[in-house]
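A.B. asks: As you go down the protein sequences, you meet chains A and B in turn.
Under this note's numbering, the letters of the first sequence match residues 1291 to 1505, in that order.
Under this note's numbering, the letters of the second sequence match residues 2 to 11, in that order.
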Amino acid sequence: MNAFRLAGDMTHLITVLILLLKIYATKSCSGISLKTQELYVMVFVARYLDLFTNFISVYNSVMKVVFVTSSIAIVWCMRIHPLVRRTYDKEQDTFRHYFLVAGSFGLALLFNENFTFREVCWAFSIYLEAVAILPQLVLLQRSGNVDNLTGQYVFFLGAYRVFYILNWIYRYFTEKHFSRWISWIAGLVQTALYADFFYYYFISWKNNSKLQLPA
Amino acid sequence: PEKDDKHDEL
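#1: Identify the contact partners of Arg1375(A) in chain B, using a Cβ-Cβ distance below 9 Å as the criterion.
#2: Which residues in the same chain have their Cβ closer than 6 Å to the Cβ of Val1335(A), if we skip the five residues on either side of it in sequence?
#3: So, for Lys4(B): in the same chain, excluding its five sequence neighbours on each side, which residues have a beta-carbon less than 6 Å away from its beta-carbon?
#4: Counting contacts by CB-CB distance shorter than 8 Å, is Met1353(A) in contact with chain B?
#5: Which same chain residues, not among the five before or five after Arg1375(A), have their C-beta less than 7 Å away from its C-beta?
#6: Classify Gln1382(A) as helix, strand or coil using the three-state DSSP reduction.
#7: If Tyr1450(A) sits next to Gly1298(A), beta carbons under 8 Å apart, how far is it from one beta carbon to the other, in whole angstroms?
#8: His1467(A) to Ser1473(A), Cα distance in whole Å?
#9: State yes or no: is the C-beta of Lys1312(A) within less than 8 Å of the C-beta of Leu1439(A)?
#10: At 4 residues or longer, and completely inside the stretch 1348 to 1427 of chain A: list those alpha helix (DSSP H) runs for me, N to C.
#11: Which residue wins for smallest C-alpha separation from Lys1500(A), given the options Pro1425(A), Tyr1338(A) and Asn1435(A)?
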């Protein structure tokens, strides 16, 4: 475990806490894409299948449980909770995310480390995570102004992926058999998707203005 | 042989 990896995991944890805080404190999920949250549930369930079979460390197992339960809790709030579900921008959040699921699964069948159930699910979760933010970014562009908690949420999600890329670079130079080409490619694509958001986030931060995304 | 550290990341 290197500092980049730990920073990445902590940043990722922050994104989950930001959402839970926003939903709990404001009893509102306006500006949050339910589709992105549902994709994240699929990502974590598909990736953490080995939770009970492949023990890595207490930290690893605890974090897996935290990510799976929190992502399910967020989807539960947005779908079931009587107060929160009313604030969901149903008509704005129209990204057809099932295409992303189908595409990622197709890719995972073609490109994986081994053609086993676990490896295909793992590759599927990596590809799906790379594109999971799309419905959220589209929703932000549609709703134009971004409330700062949601903006911070997307910012930290991007930052977590940048830390992971630094982690892979570090491991590449320090470990002999380190090759995660699937993670490399998907991670770079994922971070690239955030690039324009980071740009507008930086501009709004510099001008101390409201974050405006071009429609 | 190296420990099977497959997918030791989150």
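We treat Cβ as the ideally placed atom computed from N, Cα and C, and that holds for glycine.
C.D. replies: Working from what's here:
#1: Counted from its first residue, the first sequence places residue 1375(A) at position 85. From the beta-carbon of Arg1375(A), no residue of chain B is found nearer than 9 Å; the closest lies around 29 Å away.
#2: Here residue 1335(A) corresponds to residue number 45 of the first sequence, with the count starting at 1. So the list is empty, once near-sequence residues are dropped.
#3: Here residue 4(B) is taken as the residue at index 3 of the second sequence, counted from 1. Residue placement at Lys4(B) is poorly supported in this model, since its pLDDT is 42, which falls under 50; the coordinates still yield a value, given next. Cβ neighbours of Lys4(B) beyond the five flanking positions: none.
#4: Position 63 of the first sequence, counting from 1, holds the residue named residue 1353(A). Yes, Met1353(A) counts as interfacial toward chain B.
#5: Indexing the first sequence from 1 puts residue 1375(A) at position 85. Excluding sequence neighbours, Arg1375(A) sits near Met1368 and Arg1369.
#6: As a working note, residue 1382(A) is residue 92 in the first sequence. Coil at Gln1382(A), not helix or strand.
#7: Within the first sequence, numbered from 1, the residue matching residue 1450(A) stands at position 160. Within the first sequence, numbered from 1, the residue matching residue 1298(A) stands at position 8. At roughly 5 Å, the Cβ-Cβ gap stays under 8 Å, so Tyr1450(A) and Gly1298(A) are in contact.
#8: Position 177 of the first sequence holds residue 1467(A). Position 183 of the first sequence holds residue 1473(A). If I take the Cα positions, the gap works out to 15 Å.
#9: What you label residue 1312(A) is simply residue 22 of the first sequence in a count that begins at 1. What you label residue 1439(A) is simply residue 149 of the first sequence in a count that begins at 1. The answer is yes: Cβ separation under 8 Å.
#10: At a cut-off of 4 residues, the continuous stretches assigned as alpha helix (DSSP H) that sit fully inside the stretch 1348 to 1427 of chain A are 1348 to 1369, 1372 to 1375, 1387 to 1400 and 1407 to 1421.
#11: For the purposes of this step, residue 1500(A) is identified with residue 210 of the first sequence, where counting begins at 1. Here the closest residue by C-alpha is Asn1435(A).
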